[in-house]
Every structure is written in C-alpha cells, then in structure tokens.
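Numbering (this note's numbering), first residue to last: 142 to 566.
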Amino acid sequence: MSEPLSIATEPRAPAERAGSGSGSGSGSDPAAAASSSSAGRRHEAALETFVAGLGLDATWYARETEAAKKLKRYVRVNPRKTTVSKLLAKAAEGLVGAQAVEGCAGFLGLDGETRLKGVHAYEDGEVYGMDLASGLAVKALALKPGMSALDLCAAPGAKMCMMADEMEHKGLLVGVDASAHRSRTCASLLKKYRVAEKLENWQCMLVEADGVTFSHVEPLTIVWDNEADEMMCSAPPGGKRKRRLNKSGRRMLARRRLENGVADASTVSTAWEFDRVLVDAECTHDGSIKHMLKYAEGGFFGENALEEKFIGADLVKDSTGAQTLEELQRGLLLNGFRRLAPGGVLVYSTCSFSEAQNENIVRYLLEHAEFAPQARLEDLDACAMFQCASPLSSKSLPGTLRFTPTHSGTSGLFLAKISKQSKAT
Numbered sequence: 142m143s144e145p146l147s148i149a150t151e152p153r154a155p156a157e158r159a160g161s162g163s164g165s166g167s168g169s170d171p172a173a174a175a176s177s178s179s180a181g182r183r184h185e186a187a188l189e190t191f192v193a194g195l196g197l198d199a200t201w202y203a204r205e206t207e208a209a210k211k212l213k214r215y216v217r218v219n220p221r222k223t224t225v226s227k228l229l230a231k232a233a234e235g236l237v238g239a240q241a242v243e244g245c246a247g248f249l250g251l252d253g254e255t256r257l258k259g260v261h262a263y264e265d266g267e268v269y270g271m272d273l274a275s276g277l278a279v280k281a282l283a284l285k286p287g288m289s290a291l292d293l294c295a296a297p298g299a300k301m302c303m304m305a306d307e308m309e310h311k312g313l314l315v316g317v318d319a320s321a322h323r324s325r326t327c328a329s330l331l332k333k334y335r336v337a338e339k340l341e342n343w344q345c346m347l348v349e350a351d352g353v354t355f356s357h358v359e360p361l362t363i364v365w366d367n368e369a370d371e372m373m374c375s376a377p378p379g380g381k382r383k384r385r386l387n388k389s390g391r392r393m394l395a396r397r398r399l400e401n402g403v404a405d406a407s408t409v410s411t412a413w414e415f416d417r418v419l420v421d422a423e424c425t426h427d428g429s430i431k432h433m434l435k436y437a438e439g440g441f442f443g444e445n446a447l448e449e450k451f452i453g454a455d456l457v458k459d460s461t462g463a464q465t466l467e468e469l470q471r472g473l474l475l476n477g478f479r480r481l482a483p484g485g486v487l488v489y490s491t492c493s494f495s496e497a498q499n500e501n502i503v504r505y506l507l508e509h510a511e512f513a514p515q516a517r518l519e520d521l522d523a524c525a526m527f528q529c530a531s532p533l534s535s536k537s538l539p540g541t542l543r544f545t546p547t548h549s550g551t552s553g554l555f556l557a558k559i560s561k562q563s564k565a566t
C-alpha cells in the first residue's frame, strides 16, 4: 500500500488569545481549525491526483516530501559586492547557520527556515536566493569570459546573474522570457545585482519574446540593455510610462556598441548562434516541493494557492507557439539547439521529476530528423561530486542527472547536457 501524501508542515503553537482571562492560554478557533483541516484534505487529494498524473510513485514522492521539509536554504554570494569568506568572517547577521558549499563555489547553505527579507546582506545585494541544484545547471555550461550565452527562460533572473559572473562580465549574455511581468522582475534583479552595468567588452540584454520562436528576425521588445540608461519597460502593459525600443533606438545602440568596441548582438551571427545555451524549461514544478509546501499553507497566498500556482496552473499561457506543456518544452529545446553554435553546449533542465518532461523531451531532440546528426548527449562532469537519484526507470538516458531532496539535499532538478557537432561536409 502506498504511503499517504502529506503536505502538512510542522505544527505551530497556538497564539494566546488577547485579553483572555482563562488559564488555558489557547486562542484556537474550532471553526478555523475545521476549515484548515478540510483545506488540507482537499490539497492532499489534489496532490495525489497530480502526482499520479505525472507517473510518479506515491510512496517515493511522500519520502521526498518529508526530506524536502528539512532542506537547507541556499543563497549565492554576489562577487561584485563581497566574498564567501568575508560574509563568514563577520558572521553576517541573519544568515543563520551559514556554511560554504563544497563543490559549488559562491554558495552558502543556511538554516532551512531562514528568511532573507530584512537581512542586511540580502537587502544590500550581497546575496540572493538560489537553490544549489539550479546553480549546478549553470556550472554545467562551463562558461568562460568572452563567450556568447543565451538564457532562453531567464526569469526570475538568478541563473542569469550567475551566468554573468561565470563569464566575468565579458562577452554577450542575452536573456529571454515570454512574460512581460516576469521580464520586468528579472530586469530589476539584474539591476540590483549589478549584472546590467555598462562595462567594456560586456553586453547584457533582456528581451520579452516567446522562447519557442525567438530569433534574430523576430521583432524584439528589449526590456533591458546595458547600453541603455534605464529599463525600457518601466510600467505594466498599458501603463503610461511603458516604452519600447524602436528600430531607430536599436540602430543607435548598435552604433554605440561598435564605437565602444563591443559587437552588436545582431552581428554575432546572422542566425544569433551562441556558444552556450541554457533551457530551464517551464514545467509542473513538482520537484520544488518546499516551495509547494509554502503555497499549501494558504495564508498570504490564499486557500487555493496550491491549485492555482501548481496543480491547475496554465503553464503555456505566455507561449504563442505551443498548446500543451510537452509541446512547449519540445519547442524550447529545439529552438535552444537551433540557436546553439557548432561546438557549443546546451543544458536542458526542469524542476520536475517526470520522465515525460525530461528524458522524453531530450530524446525527442536526439531523434529529431533535422538535429539528430549534430546532437550529442554529454556527461555532466561538473556535477560528479554530488549524489543523485537512481534512474526512475529503464527509459532514463545515460548521462542525465536527477537531483532529489533525499539524495542530493537540494530541490528536485533534472539536468541534461547536449553538445552540437559541426555539420558533415
């Protein structure tokens, strides 16, 4: 018999009832408790259906859920502001239980219940929240200064910040996201962590576009460009202050880049080919268990937040080129590989455990008539020291990795590294 899926968190002590003259000290509300219990049962039933629909074993997922409740919280140190050793030396206030992470430089593991809001190091831009597994996805790219790199699903922006640091802010970095709201959030993060600064031999651009169809010939809404002095979209869609960089503006930026010795993005290749491509694809997020638990609690997020954000979410609403989630994932991977230069490396990742969203998507590329001759699955040597889960089934692809709370001490993440061979002549 499968273990029941439980999304309950650790019980909290009831608050004392203000002005109570009784000796019980209990401020519990029977009606509220009954409502909470009912919501919990509804969430668990929905979660069981959700997990079964993904083809995951309920007992296995229940164990991962219990392990996820005890995970550390990870942050990445912003090297443009400070260093790991400096933060540890001064025992930065609020970074509870901070320890450097062996094998992934620049990361700190904190007590799992640490809240970053209000912590000086966070508010001052010295650290930002980023799960360790996501950092390993960036590490797998093996970025170097002077490369050209594409983050095809850039929001909320932490991975793009890390990519810029790995490149030492030299070369070309382009981020793409289909959502206007997420793009603006991403741009704010790039600004806060000084990714978007104007530097010699550094071009950083964030565009609002569908990753499935993104190309050099598509009209681009430039949300941020480090050659510009301000965010191009500074208000919500329809807002009076929203501005789009027109053709004249793009030509002006191109001239300025050339004058400063930095090639305009459109001159990198007639097809916008990049040395490195990251496709952290939209998914069902079932591997982000700790994040799901937060939404299951309701409270600030609302009683139906778990269903709205995860279980029943419309994951393709921002795409103009896909009707289903798997179609979106296939489209993102194919276009990411299309944008990859020969000799380059692409990393595909999701925070789902589902084979349908991982191995099946990668296999689709490897067997695709147009790309199969050039696509080669590579070993993930950069992640070799981290323990990963065994393949879920015989359908798993050799060389791909699956991080889980029980095996890796991180949120769930699937990784595949694919190189692009030159065309045979």
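Beta carbons are placed, not taken as given, at the ideal position from N, Cα and C, and that holds for glycine.
- Val503 and Leu474 have their C-alpha atoms some 8 Å from each other.
- Distance from the CA atom of Leu313 to the CA atom of Thr190, rounded to whole angstroms, is 44 Å.
- In the DSSP annotation of this structure, the continuous segment of the beta strand (DSSP E) that includes Ser289 starts and ends at Ser289 to Asp292.
- Judged by their CB atoms, Ser429 and Cys524 are not nearer to each other than the 7 Å cut-off.
- Considered as a whole, the segment 202-255 harbours 225-230 as its complete alpha helix (DSSP H) runs of no fewer than 4 residues, in chain order.
- Nearest C-alpha to Glu341 among Glu368, Cys529, Asp351 and Glu449: Glu368.
- Around the beta carbon of Thr224, fewer than 16 other beta carbons lie within 10 angstroms, which makes this residue exposed.
- Under the DSSP definition of a beta bridge, Glu467 lacks any partner.
- Around the C-beta of Val348, 16 or more other C-beta atoms lie within 10 Å, and the residue is accordingly described as buried.
- The beta carbon of Tyr263 sits closer than 6 Å to those of Leu257, all from its chain and outside the five residues before and after it, given in chain order.
- Separation of Asp459 and Val488 (C-alpha to C-alpha, rounded to the nearest whole angstrom) is 22 Å.
- Of the other Cβ atoms in all chains shown, fewer than 16 fall within 10 Å of the Cβ of Asp455; this residue is therefore exposed.
- Cβ-Cβ separation between Leu434 and Leu293: approximately 29 Å, too far for a contact (criterion under 8 Å).
- Per the C-alpha coordinates, the member of Leu188, Met303 and Arg417 positioned closest to Tyr202 is Leu188.
- Restricted to the segment 257-297, the alpha helix (DSSP H) segments that are unbroken, complete and at least 4 residues in length are 261-264 and 273-280, listed in chain order.
- Closest option to Gln470, judged by alpha-carbon separation, among Gly553, His548, Ala422 and Leu282: Ala422.
- Its chain contains Leu251, Gly253 and Thr255 as the residues whose beta carbon lies nearer than 6 Å to that of Arg214, once the 5 sequence neighbours on both sides are disregarded; these appear in chain order.
- The residue among Glu519, Pro546 and Arg517 with its C-alpha nearest the C-alpha of Ser531 is Pro546.
- Going by DSSP, Lys558 is part of the beta strand (DSSP E) stretching over Leu554 to Lys561.
- Across the set Glu496, Ile559 and Gly540, the C-alpha of Glu496 shows the shortest separation from the C-alpha of Gly553.
- In this structure, the alpha-carbon of Thr425 lies about 7 Å from that of Phe451.
- Here Thr551 is buried, its C-beta having at least 16 other C-beta atoms within 10 Å.
- Pairing His548 with Leu229, the inter-Cα distance amounts to about 27 Å.
- Glu243 sits exposed, since fewer than 16 C-beta atoms from the chains shown fall within 10 Å of its C-beta.
- Between Leu330 and Phe415 the beta-carbon gap is near 21 Å, outside 8 Å, which marks them as no contact.
- Residue pairing by DSSP places Val488 opposite Leu419 and Lys558 in a beta bridge.
- Distance from Gly259 to Arg217 at the Cβ level is roughly 19 Å; contact not present, criterion being Cβ atoms closer than 8 Å.
- In this structure Ala328 is buried. Its beta-carbon is surrounded by 16 or more other beta-carbon atoms within 10 angstroms.
- The beta-carbon separation of Asp427 and Phe494, rounded to 6 Å, stays under the 8 Å limit for a contact.
- Classified as buried, Arg543 has 16 or more neighbouring CB atoms from the shown chains inside 10 Å of its CB.
- Per the C-alpha coordinates, the member of Val268, Leu249 and Met303 positioned closest to Leu282 is Met303.
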